[in-house]
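In this text, residue positions in the sequence shown follow the UniProt record's numbering: the first is 1, and each later residue adds one.
Every residue, glycine too, gets a C-beta built ideally from N, C-alpha and C.
Just so we're clear, the structure is a prediction, and the values are computed from it rather than from any experiment.
Taking it in order: structure first as structure tokens, then the write-up.
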Amino acid sequence: MSVLVPVMIVVLTVVAMEGFAYSVHRWIMHGPLGWGWHKSHHEETHGAFEKNDLYAVVFAVISILLFAVGSAWWPWLWWVAVGASVYGVIYFVVHDGLVHQRWPFRYVPKRGYFRRLYQAHRLHHAVEGRDDCVSFGFVYAPPVDDLKAQLKSSGVLAQRQSKHRDAWRADRAED
1 MSVLVPVMIV VLTVVAMEGF AYSVHRWIMH GPLGWGWHKS HHEETHGAFE KNDLYAVVFA
61 VISILLFAVG SAWWPWLWWV AVGASVYGVI YFVVHDGLVH QRWPFRYVPK RGYFRRLYQA
121 HRLHHAVEGR DDCVSFGFVY APPVDDLKAQ LKSSGVLAQR QSKHRDAWRA DRAED
């Protein structure tokens with residue numbers, strides 16, 4: 001097998017993983033089947049881990065199985081496992097590190113692609129609950145203005161502002 005074939009398999013797998021991750025995030029994690037684990041990711045957590053991290057364990061097991069099957073029977077599948085693992089590292093660095101600052105240092109990008117990615121995922125978390133969220137990808141981020149327009153047209157931001165305004169008024173009334 002030419003070296004070009006494994007490289008192409010890895011690259012195509014990384015690209016395909018974004019579509020897979022989008023689908024799992026949109027329809028499983030935010031669906032009735034997976035919200036039980038993913039909900040912890042949309043709430044304030046205390047400690048190093050959240051229940052949502054169990055998804056990383058599931059995907060790691062799948063990668064390990066792909067490595068095993070690829071080693072035993074289908075070598076091309078081993079390279080798919082490499083691509084999935086590369087995507088996992090990219091996800092960990094970008095999502096857990098850059099966006100959610102789960103590292104001991106803080107960095108908020110000021111411009112460019114990483115700024116857009118950061119903002120898009122923050123807008124994903126602007127919604128309480130699993131419905132009406134935007135931007136389900138992890139490496140691709142739609143234009144921020146499009147996401148804001150989508151949130152505005154759904155009415156979810158107005159509901160959130162009204163809820164916070166009512167809570168503020170209730171706090172002021174108690175004084």
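Inset, instruction - Starting from the N-terminal side, write out each stretch of the alpha helix (DSSP H) that is 4 residues or longer and does not extend beyond the UniProt domain "Fatty acid hydroxylase" (10-138). - result: Entirely contained in the UniProt domain "Fatty acid hydroxylase" (10-138), the alpha helix (DSSP H) runs reaching 4 residues are, in chain order, 35-38, 54-72, 75-91, 112-124.
Inset, instruction - For W103, count neighbouring Cβ atoms within 10 angstroms of its own Cβ and tell me buried if that reaches 16, exposed if not. - result: Within the sequence shown, the letter at position 103 stands for residue 103. With fewer than 16 Cβ atoms within 10 Å of its Cβ, W103 is classed as exposed.
Legend entry - Contact set for residue 195: own chain, Cβ-Cβ below 6 Å, skip 5 residues either direction: The chain is shown only over 1 to 175; residue 195 falls outside these bounds and no answer can be derived.
Legend entry - Span of the alpha helix (DSSP H), counted from its first residue to its last, around V144: For the purposes of this step, residue 144 is taken as the residue at position 144 of the sequence shown. Where V144 is concerned, the enclosing alpha helix (DSSP H) stretches over 144-154.
Inset, instruction - Tell me whether V7 sits in a helix, a strand or coil according to DSSP, three-state version. - result: Counting from one through the sequence shown, the residue named residue 7 turns up at place 7. DSSP, reduced to helix, strand and coil, places V7 within a helical segment of the structure shown.
Inset, instruction - Count the C-beta pairs between the segment 125-133 and the segment 25-43 that are closer than 8 Å, then say yes if the count reaches three, no if not. - result: With contact defined as three or more Cβ pairs closer than 8 Å, the segment 125-133 and the segment 25-43 are in contact.
Legend entry - Whole-number beta carbon distance between L117 and L147, since they are thought to touch under 8 Å: Here the question's residue 147 lines up with position 147 in the sequence shown. Here the question's residue 117 lines up with position 117 in the sequence shown. So it is not a contact: roughly 12 Å between Cβ atoms.
Inset, instruction - Just mark I46 as buried or exposed, buried being the case when its beta carbon has 16 or more other beta carbons within 10 Å. - result: Here residue 46 corresponds to residue number 46 of the sequence shown, with the count starting at 1. Reading off the sequence shown, one finds His at residue 46, where the question assumed Ile. When all chains shown are included, H46 counts as exposed.
Inset, instruction - State the CB to CB distance for the pair Y113 and E18, rounded to an integer number of angstroms; the pair is presumed to be in contact (CB under 8 Å). - result: Here residue 113 refers to the residue found at position 113 of the sequence shown. Here residue 18 refers to the residue found at position 18 of the sequence shown. 14 Å between Cβ atoms; not a contact.
Legend entry - Residue of V134, P143, V144, F138 minimising C-alpha distance to S154: Your numbering for residue 154 matches position 154 in the sequence shown. For the residues V134, P143, V144, F138, the minimum Cα distance to S154 belongs to V134.
Inset, instruction - To the nearest angstrom, report how far apart V156 and P75 are at their CA atoms. - result: Sequence index remark: in the sequence shown, residue 156 carries index 156 (1-based). Sequence index remark: in the sequence shown, residue 75 carries index 75 (1-based). Answer to the nearest angstrom: the Cα atoms are 48 Å apart.
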